[in-house]
């Protein structure tokens, strides 16, 4: 009894140490990719800005729509580094205060889309047969229309606002995750360890969540990272159209829309929020690019 | 014969998808909290006026009946009416669609002309400086919000340098060419009207260039990856061994092999860019589907939104079929059946 217990733990330890070794090797490869490290540093910078926004922003109350009519449309100066907008709010403070919002928007969209997509994809791939057919036909319907068009339609229907925009975008974002997860599950389902788990009487849920999905995590994480930037971009696009965040929310896309009328004479109103979006998206794209190299051996050549 | 059968089958297969799509657009438009009729009728409208509007648009009937009406309308070519302009949706789409198609097509061409060579160079100089530069540049440009970059480019090239027109498809004083396709570039060529051709080319260049940036990265990446894969094939080693110049191997044999995956990504990008055009058009005052879509969505005018989503679905499905046809041209081993 004691003997077999010991063996059990030692096998477990071996499996765990193998997994750790993989992670360590991956981390090493990620660290040696200079571009991704730059992306990671940029993201850490963005995170710090988001956390300390109320301290960094000289006029945090401007995010809520405080007006300073005497100082409207001021060009960048010592007092207002990024200038002021049409009602005298400090652009720098609003860009800084909007950082956390952009991160939240991206996180929520990606988490919602991943949850829906992975669930549907895993069920379709594992069950097969008519369940697979039906779920994949539904996925295809969503994929026939470019995501942005459907997102515009859904968020318009739900009503203007940042929450509805996030719901709209998540509802069109999941099919990619569903397709990916299904293809992963389809091949993992045939692996001997799944058969073994089934053989010793593991339930379907246990097999899916304990045996199949943990092995499908890497590609899903790559997709989450690369999609994050584009989710932020899409949310900004909706804000720019006027469907997303409503004033006075310091959402970057809406701020660009705000500055559009004053462009190019008062160029600073739209320019700085645009650069902020770019920085955010670029950092995620760099990280995603590096992760793809680490986790997908086919891409690393 | 075989090909025609295959085509017919593919076209028949998109019908269920489109029916599904019509259910989706219908549900989006009908099961929503907003009150489009109230919005369209204006704040002063009495209940009777709203009721009359509802009856006129068939909104007083039970949902399944409404859906049947909507779907049979789709097939008969009656795509509903705008609540605001009272114009029929389908003729409107027909008017605006060529402008978007033209913009998107030129953008895809630019993205291909930039992306494929960048991918080829990346693959030839794998993990060396040109490869890194191409990778950084494509990630750099794809990260810009296109609508923002559009504003910047419009100002730089249009206002400051004066090299390109600021907006619209043609200047006010230039009459558009007689409509054959609705694509100004092609229509003017048909008329052998080279002046109009070049004027509209100048108008379309900056908007489509901005639009193409979002496709640049994915086209470069897939070209590089499939080139690298193809370069490791045995036939390449054999060709090098018998002394065929590297350039000829790359451009004549490897590129053709690598192009199949690239074509897939290009065709996917066509659909995405068509959606991205919505944002670009609002900046350049481009009279396409985008302006129409933005206006309709901001005013909860659902028939046009449903129409646009449906049109995009049809076009996207047709592009997919077209892509499969191109595979056959590139790779004679592919048989349809």
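Chains as they are written, first to last, in our numbering: chain A, 8 to 308; chain B, 9 to 345. Just so you know, even glycine gets a beta-carbon here, dropped at the ideal spot from N, CA and C.
Please compile the residues from chain A whose C-beta is within a distance smaller than 8 Å of the C-beta of residue i.
i: residue 144 of chain B; result: 42
i: residue 136 of chain B; result: Result: empty, since nearest Cβ-Cβ is about 13 Å, beyond 8 Å.
i: residue 25 of chain B; result: 144, 147, 148, 151
i: residue 148 of chain B; result: 289
i: residue 119 of chain B; result: Near residue 119 of chain B there are no residues of chain A at all, since even the closest Cβ is about 15 Å away, more than 8 Å.
i: residue 301 of chain B; result: 156, 159
i: residue 167 of chain B; result: 271
i: residue 91 of chain B; result: Correct list: empty, because the minimum Cβ distance to chain A is about 13 Å.
i: residue 127 of chain B; result: Correct list: empty, because the minimum Cβ distance to chain A is about 13 Å.
i: residue 29 of chain B; result: 148, 151, 152
Residues bridged to residue i by DSSP?
i: residue 4 of chain A; result: No answer is possible for residue 4 of chain A: it lies beyond the span of chain A, which begins at 8 and ends at 308.
i: residue 89 of chain B; result: B:96
If residue i sits next to residue j, beta carbons under 8 Å apart, how far is it from one beta carbon to the other, in whole angstroms?
i: residue 163 of chain A; j: residue 179 of chain A; result: Their Cβ separation, rounded to whole angstroms, is 13 Å, which puts residue 163 of chain A and residue 179 of chain A out of contact at 8 Å.
i: residue 295 of chain B; j: residue 104 of chain B; result: 6 Å
i: residue 175 of chain A; j: residue 161 of chain A; result: 4 Å
i: residue 33 of chain A; j: residue 301 of chain A; result: 5 Å
i: residue 161 of chain B; j: residue 214 of chain B; result: 5 Å
i: residue 226 of chain A; j: residue 259 of chain A; result: The Cβ separation is near 30 Å, so there is no contact.
i: residue 191 of chain B; j: residue 110 of chain B; result: 5 Å
i: residue 82 of chain A; j: residue 275 of chain A; result: 6 Å
i: residue 125 of chain A; j: residue 188 of chain A; result: 5 Å
i: residue 227 of chain B; j: residue 120 of chain B; result: 6 Å
i: residue 128 of chain B; j: residue 231 of chain B; result: 6 Å
i: residue 218 of chain B; j: residue 157 of chain B; result: 5 Å
i: residue 322 of chain B; j: residue 26 of chain B; result: 7 Å
i: residue 244 of chain A; j: residue 287 of chain B; result: 6 Å
Counting only Cβ pairs nearer than 7 Å, list the residues of chain A close to residue i.
i: residue 20 of chain B; result: Within 7 Å Cβ-Cβ: nothing; residue 20 of chain B doesn't reach chain A, min ~15 Å.
i: residue 32 of chain B; result: 148
i: residue 316 of chain B; result: 156
i: residue 313 of chain B; result: 160, 163
Whose Cβ in chain B lies nearer than 7 Å to the Cβ of residue i?
i: residue 300 of chain A; result: Those do not exist, as residue 300 of chain A stays about 10 Å from chain B at its closest Cβ, beyond 7 Å.
i: residue 108 of chain A; result: Going along chain B, no residue has its Cβ under 7 Å from residue 108 of chain A, so there is no contact; the nearest lies around 15 Å.
i: residue 249 of chain A; result: 306
i: residue 240 of chain A; result: 153
i: residue 236 of chain A; result: 151
i: residue 292 of chain A; result: 147, 150, 151
i: residue 101 of chain A; result: In chain order: nothing, as chain B lies at least about 16 Å away.
In chain B, which residues lie with their C-beta within 8 Å of the C-beta of residue i?
i: residue 270 of chain A; result: 159, 163
i: residue 161 of chain A; result: 36
i: residue 296 of chain A; result: 143, 147
i: residue 186 of chain A; result: Chain B residues near residue 186 of chain A: none, gap ~12 Å exceeds 8 Å.
i: residue 196 of chain A; result: Within chain B, no residue comes near residue 196 of chain A; the closest Cβ sits about 26 Å away, beyond 8 Å.
Under 9 Å Cβ-Cβ, which residues of chain B neighbour residue i?
i: residue 222 of chain A; result: By Cβ distance, chain B contributes nothing, its closest Cβ being about 23 Å from residue 222 of chain A, past 9 Å.
i: residue 263 of chain A; result: 153, 155, 156, 159
i: residue 139 of chain A; result: Result: empty, since nearest Cβ-Cβ is about 16 Å, beyond 9 Å.
i: residue 244 of chain A; result: 153, 154, 155, 284, 286, 287
i: residue 36 of chain A; result: Here the premise fails: no neighbours, minimum Cβ distance about 13 Å.
i: residue 213 of chain A; result: Within chain B, no residue comes near residue 213 of chain A; the closest Cβ sits about 33 Å away, beyond 9 Å.
Item to complete: Entirely within the segment 22-85 of chain B and at least 4 residues each: give me those alpha helix (DSSP H) ranges in chain order.
Response: 44-49, 55-64, 71-84
Fill in: Under 8 Å (Cβ pairs) to chain A, residues found in the segment 208-224 of chain B
none
Practice prompt. Give, in chain order, every residue of the segment 320-341 of chain B whose Cβ lies closer than 7 Å to some Cβ of chain A.
Written response: 320, 321, 324, 325
Worksheet item: When you check each C-beta in the segment 277-289 of chain A against every C-beta of chain B, which residues fall closer than 9 Å?
Response: 277, 278, 280, 281, 282, 284, 285, 286, 287, 288, 289
Discussion item. Output needed in chain order: residues of the segment 267-287 of chain B with a Cβ under 8 Å from some Cβ in chain A.
Written reply: 279, 280, 282, 283, 284, 286, 287
Worksheet item: In chain order, which alpha helix (DSSP H) runs of at least 4 residues are fully inside the segment 152-176 of chain A?
Response: 154-165
Item to complete: Write down every uninterrupted run of the alpha helix (DSSP H) in the segment 212-249 of chain A whose length is 4 residues or greater and which is fully enclosed by it, in chain order.
Response: 224-248
Fill in: Contact residues within the segment 240-256 of chain B, judged by C-beta distance below 7 Å to chain A
none
Worksheet entry | Segments assigned alpha helix (DSSP H), at least 4 residues, entirely inside the segment 202-268 of chain B | 202-239, 242-249
Discussion item. What are the residues in the segment 73-97 of chain A lying within 9 Å of chain B by C-beta distance?
Written reply: none
Worksheet item: When Cβ atoms are compared, which residues of the segment 167-187 of chain B fall closer than 9 Å to chain A?
Response: 167, 168
Item to complete: Could you name each continuous alpha helix (DSSP H) segment of 4 residues or more that falls completely within the segment 105-165 of chain B, going from the start of the chain to the end?
Response: 137-150, 154-161
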